[in-house]
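In terms of the UniProt record's numbering, the sequence shown opens at residue 1 and continues consecutively.
Comments concern the structure below.
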Amino acid sequence: MADCKAGEPDVATQQWFLRDRKLDVEEAEEKLTRMMEWRRDFMPAPLTDADVAEEAATGKAFLHSHTDVNGRPVIVVRAARHITGARPLDESKRLCAYLLEKGIASMPEGTETLLGIFDLRGFGHRNADFGFVRFLVDVFFLYYPKRLGQVLMLDAPWGFAPGWEVVKPWLKKYAALVRFVSREELRKEFFTPETCPEEFK
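So this is what it looks like as structure tokens:
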């Protein structure tokens with residue numbers, strides 16, 4: 001979607017939304033129009049490193065330098081580094097969109113989805129930003145449909161459960177993409193020793 005700017009969407013994006021809506025032209029057009037309006041308002045020009053530099057410096061999220069064993073680009077989110085209200089919410093949204101655009105652009109040929117890893121070590125009440133979670137739901141339902149192949153919730157603390165019960169219904173069928181894993185499971189099932197993110201080794 002890197003070529004999908006404020007004007008007309010590129011052919012690949014049109015085809016993707018048609019596939020998402022099971023070739024229903026009217027539904028695909030409606031959803032695609034909504035996505036294009038969002039892009040026009042939120043990022044009329046492609047996001048650059050400079051646009052997200054301050055937010056990226058927090059270390060709260062990054063695109064891993066290796067794909068997983070299935071060839072999917074990997075976005076890692078360190079949930080404990082996102083403090084609700086500490087920075088403007090739009091900055092977090094921009095970083096999210098930037099990483100998705102960068103991840104999609106880096107997909108090897110034949111790969112169509114991303115792997116998301118939410119590192120929940122140290123997660124607490126101050127990190128539970130339901131406004132941002134709502135944005136993420138819209139991102140994966142409306143703006144980047146079917147781009148997330150799987151979400152791994154890593155080492156979730158017991159206090160995470162109540163929040164998850166609130167969020168899970170928002171995800172509807174996408175909740176099936178979520179799996180709670182340990183670091184050992186992540187290392188063994190999703191990476192080789194050479195490609196695993198350093199913090200999970």
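Glycine is no exception: its CB is placed at the ideal position from the N, C-alpha and C atoms.
As the structure is a prediction and not an experimental result, all values here were calculated from the model.
### Query
Is I83 helix, strand or coil when you go by DSSP?
In the sequence shown, the residue the question calls residue 83 occupies position 83. Coil, per DSSP.
#### Entry: Top-ranked residue by Cα proximity to A79, from Y174, F62, R94, V69
Position 79 of the sequence shown, counting from 1, holds the residue named residue 79. Comparing alpha carbon positions, the residue from Y174, F62, R94, V69 closest to A79 is F62.
### Task
Could you have a look at G71 and say whether DSSP puts it in helix, strand or coil?
Here residue 71 refers to the residue found at position 71 when the sequence shown is read from its first residue. Note: G71 maps to coil in three-state DSSP.
### Query
How long is the line joining the alpha carbons of I117 and L152, rounded to whole angstroms?
Numbered from 1 along the sequence shown, position 117 holds the residue referred to as residue 117. Numbered from 1 along the sequence shown, position 152 holds the residue referred to as residue 152. Straight-line measurement puts the Cα of L152 at about 5 Å from the Cα of I117.
### Task
Could you tell me which residues DSSP puts in a beta bridge with A61?
Here residue 61 refers to the residue found at position 61 when the sequence shown is read from its first residue. The secondary-structure analysis by DSSP pairs A61 across a beta bridge with V77.
### Task
Kindly give me the distance between the Cβ atoms of V52 and R81, rounded to whole angstroms, as I take these residues to be in contact under 8 Å.
Counting from one through the sequence shown, the residue named residue 52 turns up at place 52. Counting from one through the sequence shown, the residue named residue 81 turns up at place 81. That pair is no contact at about 14 Å.
### Message
Quick check on A68: buried or exposed, where buried means 16 or more other Cβ atoms within 10 Å of its Cβ?
### Response
In the sequence shown, the residue the question calls residue 68 occupies position 68. The amino acid occupying residue 68 in the given sequence is Asp; Ala does not appear at that position. The residue in question, D68, is buried, as its Cβ has 16 or more Cβ neighbours within 10 Å.
### Query
What are the start and end residues of the beta strand (DSSP E) that includes V181?
For this step, residue 181 is matched to residue 181 along the sequence shown. First-last of the beta strand (DSSP E) with V181: 178-181.
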